[in-house]
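K.L.:
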Amino acid sequence: MKRIFCLLLCLLCLCPAALAELTAEATVYDFGDFTLEVPAGAVVQQAEKTENAPFFACYPDYDATADFTTNYNIRWMDDDFSLSFSQVDADTLARAYVDYAAELERAQGLSVDNIQLLSAAYDASGESLAIYATMDADYTPLGIEMQTRIHEAFLLLDLGEHAGYVFGFYASSAEALEAAIASAVIRRA
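In the working numbering, the protein residues as written are 189 to 377.
(1) Could you tell me the alpha carbon to alpha carbon distance between Ala-282 and Glu-340, rounded to whole angstroms?
(2) Between Ser-360, Arg-263, Ala-359, which lies nearest to Asn-240 when the distance is taken from Cα to Cα?
(3) On the three-state DSSP scale, how would you describe Glu-340?
(4) Just verifying my parser: in three-state terms, what is the DSSP assignment at Leu-298?
(5) Between Val-300, Lys-237, Ala-214, Cys-246, which has its C-alpha nearest Ala-368's C-alpha?
(6) Report the rounded CA-to-CA distance for Cys-198 versus Gly-356, giving the unit in angstroms.
(7) For the segment 251-263 and the segment 229-243, state whether three or more C-beta atom pairs, one from each stretch, are separated by less than 8 Å.
(8) Is it buried or exposed for Ser-313, if we count other Cβ within 10 angstroms and need 16 for buried?
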């Protein structure tokens, strides 16, 4: 758990060198406010940037035969997170966000419970919030015979007025979550 949170803190600081050494084969995506490098061979889906909807998803080690595939996505929020960051402690805001994320899963028909917030912290600048949580997910209501523990990490990144981004990382183990976080190299524009 400490390694995952340390990786999130590195991501908060946007220190790509501390996260991963990417080869020249990495693919760089430019989103205007930031760039994102993903590993060669990753499966990527892109859509129009719409408020509070994933517009970019990455499956760093996609396996079509796996029941659950580690992935991450990006949501844009037409919001300045800094106001919330300055008024609410990290644990309270993280709990609210994790509960909100669980409700999004439930709205899609997924059964989730046993939600545990494991850690939350703001970066030194007050522009980012890192969250690490777990939950039990049952995909049976969606017609998929699978129950699993999901490890999830969120990075809420404030880039000023009308530029809040949420990076969501999802895996079925702490080790896979750690690898997914390390595979995403973010640089501010």
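Ideal Cβ positions, reconstructed from N, Cα and C, are used throughout, including at glycine.
P.N.:
Taking the structure as given:
(1) Rounded to the nearest angstrom, the two C-alpha atoms are 12 Å apart.
(2) Relative to Asn-240, the option among Ser-360, Arg-263, Ala-359 whose CA is nearest is Arg-263.
(3) The answer is strand: DSSP assigns Glu-340 an E or B state.
(4) Leu-298 falls in the coil class under three-state DSSP.
(5) Selected option, being the one with the closest Cα: Cys-246.
(6) Low confidence applies here, because Cys-198 scores a pLDDT of 49, under 50, leaving its location unreliable; read the following figure in that light. Distance between the alpha carbons of Cys-198 and Gly-356: 15 Å.
(7) Touching, yes.
(8) Ser-313 should be labelled exposed.
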